[in-house]
Amino acid sequence: MKLKHLSLCFAMVAACSASAQIKYRDTEKKPALIPYDSSIAFQHLTPDIAQLTLVGQEITFLKLNPKRLIKNKEDTLLDNIKMKAVVEVPYKSVLKGGHFYTPYKAVENKTFRIVDYDRKNMDGGVPTLIFTLRDEDRKLLLFQVPEDNLPATPVIINGNYEWLKRQYVGKELHLRKDNHKTENVLDNNKEMLLSKSDVFSCTEIAVIFSGKQKYGQPFLIVKNSDNVELAIGVGSKNEYAHGPLIEDFELQ
């Protein structure tokens, strides 16, 4: 009888050992996350950037264009910057039309450190990027940006601005293709023709108020072979309405 019980125990142990060898695989394809590096502008953040690698970066809100066209009384107010608290309230809030806002002047040209970063689907809609920022008084605030609004966000990552200087200032650029007709942002968008034979020397990176746009934007400032100064946008066509773009050039 004892022998039968012993045999039964061995059988059960063998069965358990066999079940432990079963392998399971998840068929969901998860994106390979990459760490943030300073060559990526705020406007070009993508879901495959590991969120927490942005923690520690400093961002600066660009200045308003003093010559912009003011469309309505809330032109300089934001409703996506809130204090981090049990109840979210606008940062340095003001009351307009029965609604509380953050005045853009409260953040304009100021630098904040990213201390947390998340990406969420709010109400099943467009993903929203949620940055927890710390100001100079060590107050925490939330800056929420719908993903489809990224190209128009008036924010520059300070590390990206420094990367642009290291990458281009003092370097020579050439057109990638044949002669290129464009506008000179530094000369009231006057039409000009860029020559394939020209050498363009980058002298600085500067934020420029181009036309009647609401915010300033960073540009490469270059001189061509005739010593004519012009500006090159460092983003895409939907970000820069006038002037040549960095994608039209290559470093010498």
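Numbers -20 to -1, 1 to 232, taken from mature numbering (1 follows the signal peptide of the UniProt record, and there is no 0), label the letters of the sequence shown in order.
All residues carry an ideal CB built from backbone N, CA and C; glycine is no exception.
- Collapsing the DSSP output to three states places L166 in a helix.
- According to the DSSP secondary-structure assignment, S181 is paired through a beta bridge with E152 and K203.
- Assignment of F22 by DSSP, reduced to helix, strand and coil, places it in the helix class.
- The residue from V35, V187, R156 and F229 with its alpha-carbon nearest to that of N89 is V187.
- Pairing Y84 with R5, the inter-Cα distance amounts to about 50 Å.
- With respect to the 9 Å criterion, V149 and G223 are not classified as neighbours on the basis of their beta carbons.
- In the displayed model, R146 falls within a helix according to three-state DSSP.
- Following the DSSP letters along the chain, one finds N101 inside the beta strand (DSSP E) bounded by residues T91 to N101.
- DSSP places R114 in the uninterrupted beta strand (DSSP E) bounded by P107 to R114.
- It is roughly 15 Å from the alpha-carbon of D117 to the alpha-carbon of K62.
- Here T33 carries a helix assignment [DSSP, helix/strand/coil].
- Looking at the backbone, the Cα of D115 and that of T91 are separated by about 7 Å.
- Spanning the alpha carbons of L113 and L121 requires a straight line of approximately 5 Å.
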